[in-house]
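Residue numbering for the sequence shown follows the working numbering, beginning at 42 and increasing consecutively.
Where a beta carbon is used, it is the ideal one built from N, C-alpha and C, also for glycine.
Comments concern the structure below.
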Amino acid sequence: MRASRGFTLIELMVAIAIMALLALMSWRGLEGMARAQAQNRERGDAVLTLQTTLTQWSADLDATVALAQIRALDWDGRVLRLTRRSTDTASPVVYVVAWTLRADAAAGARWHRWQSPGITSRPEWQQAWDQAAAWAQDSGAETQGADVALVPLAGWQLYYFRNSVWAPAVSADELGAATPSPDGIRLVLNLPPGPALAGPLTKDWVRPAATAPKS
C-alpha cells in the first residue's frame, strides 16, 4: 500500500504566509472603512451644526420686533444686535440677541451668538443692548446671558436691501434712528477649510412684512 503523503514544511510555511497576507489586507480594508465612516460622520455633524446655526439666524430675524424708543436691529461692522420677541406668544418679554465673530486661542475664530435674559422694561433693554456691545468687544466682559460658540468662521459681511438695492450694511447711528428696518438682509460667510463646507456661503433673508418683490 502507498504511504499517505502529508504537507511538507515549505508548503505549510507558504500557506501561513498567504493567510497572514490576506489577514493584513483585510485589516487595512476594515481600517479604511472605519476611517471613511468617521470622516463622513464628522462631516455630517459639521454640516448639521451649520444648518442649525443658519436656522437660528433666520429665526432671530423673523422674530425681530420694532417697539417705541427701542431699536429693532443695528450693525456696527463687528456685531449685529437685534431685539426679538419670545417664542412663547403669551409671554410679554423680549430679548436682545447679538451675533459676532470672536477668536479663541484654543478653538480659533468662531461665530458666536449671545442672548440676554428676558426683558420687560426699557431700562432693562438698554442695559442688555449695552452689554451686547461690550460682549462683542471683550470676551471677558461681565454680561448676563447665554454665549454659544457656533461654527468656525474666517469672516462675515452683511448687506441691507433698501429701495430695491443691495448695499453694505451700516449702523443706524449713521442713517438716523428713524430709519426703518431693511426689507432684506444678505449674510455672506467665509467658511475656513474643514470637515463641512468651505469658502463663501451666502444666505438671504426677507422681512416677512416687506412690500418689495420677493424675487
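Taking buried to mean at least 16 other C-beta atoms within 10 Å of its own C-beta, is residue i buried or exposed?
i, result
"residue 178", "exposed"
"residue 68", "exposed"
"residue 59", "exposed"
"residue 172", "buried"
"residue 144", "exposed"
"residue 51", "exposed"
Is residue i helix, strand or coil by DSSP?
i, result
"residue 198", "strand"
"residue 164", "helix"
"residue 105", "strand"
"residue 61", "helix"
"residue 187", "strand"
"residue 235", "coil"
Residue i lies in the beta strand (DSSP E); which residues open and close that run?
i, result
"residue 144", "135-145"
"residue 156", "149-156"
"residue 208", "206-209"
In the DSSP assignment, what residue or residues form a beta bridge with residue i?
i, result
"residue 230", "197, 242"
"residue 116", "121"
"residue 192", "Its beta-bridge partners do not exist; DSSP assigns none."
"residue 225", "202, 247"
"residue 126", "135"
Is the Cβ of residue i closer than 8 angstroms to any Cβ of chain B?
i, result
"residue 78", "This model lacks chain B altogether; it includes just one protein chain."
Since residue i and residue j are thought to touch, with beta carbons under 8 angstroms apart, how far apart are those beta carbons, to the nearest angstrom?
i, j, result
"residue 189", "residue 160", "The Cβ separation is near 19 angstroms, so there is no contact."
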